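**Student:**
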Amino acid sequence: MSNIVLRVCVWALALVSVSGNMLVVFWRAKFKYCNKVHSFLITNLALGDLFMGSYLLLIAVVDWYYRGVYSIYDSGWRSSPVCSFAGFISTFSSELSVFTLTGKIPL
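Read in my numbering, the sequence shown has 73 at position 66, and its numbers run on one by one without any break.
#1: Spell out whether any CB of chain B is found under 9 Å from the CB atom of isoleucine 96.
#2: In chain order, what residues of the same chain have a beta carbon less than 8 Å from the beta carbon of valine 32, not counting five sequence neighbours either side?
#3: Glycine 94: which of Tyr40, Tyr80, Ser78 and Gly60 sits nearest, CA to CA?
#4: Anyone know if the C-beta pair for tyrosine 80 and tyrosine 73 falls short of 9 Å?
#5: Is the distance from the Cβ of alanine 21 to the Cβ of isoleucine 66 below 9 Å?
#6: With C-beta atoms as the reference, is leucine 64 less than 9 Å away from valine 25?
#7: I need the DSSP call for arginine 115, collapsed to helix, strand or coil.
Right, here's the structure in full:
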């Protein structure tokens with residue numbers, strides 16, 4: 008990412024997303040006696056957003072690591088297991104949120 012504003016936004020979104028959604032998951036785990044279905048749906052959405060925040064954090068770290076030399080390592084990065092894992096958690100996060108919102112997850 009060559010734009011400093013983009014870099015700062017990715018770091019900020021990643022950190023806020025990870026910390027905020029971890030707080031939601033821990034809070035919901037602590038107070039299980041509240042509306043169970045409502046709590047289940049909110050926890051699933053928080054987990055989906057937590058995975059997306061983790062993805063953003065991973066991309067921000069990789070950007071920091073390869074800053075200025077990415078074009079040299081482009082092919083190696085895109086075929087690496089870390090890139091594949093990043094793609095997996097991005098897709099998993101999106102699908103988890105969609106399945107939670109549409110009610111397709113069996114309870």
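Note that the Cβ used here is the ideal one computed from N, Cα and C, for glycine as well. Everything numeric in this text was worked out from a predicted model, so none of it was measured.
**Tutor:** This is what the structure gives:
#1: Considering every chain present, this structure includes no chain B. It has just one protein chain.
#2: Closer than 8 Å at the Cβ level, and outside the excluded window around valine 32, lie Thr50, Ala53, Leu54 and Leu57.
#3: Across the set Tyr40, Tyr80, Ser78 and Gly60, the C-alpha of Gly60 shows the shortest separation from the C-alpha of glycine 94.
#4: Using a Cβ distance threshold of 9 Å, tyrosine 80 and tyrosine 73 count as a contacting pair.
#5: For the 9 Å CB-CB criterion, alanine 21 and isoleucine 66 form a contact.
#6: Yes, they are a contact pair.
#7: Nothing about residue 115 can be reported from this structure: the residues present for the chain run from 8 to 114 only.
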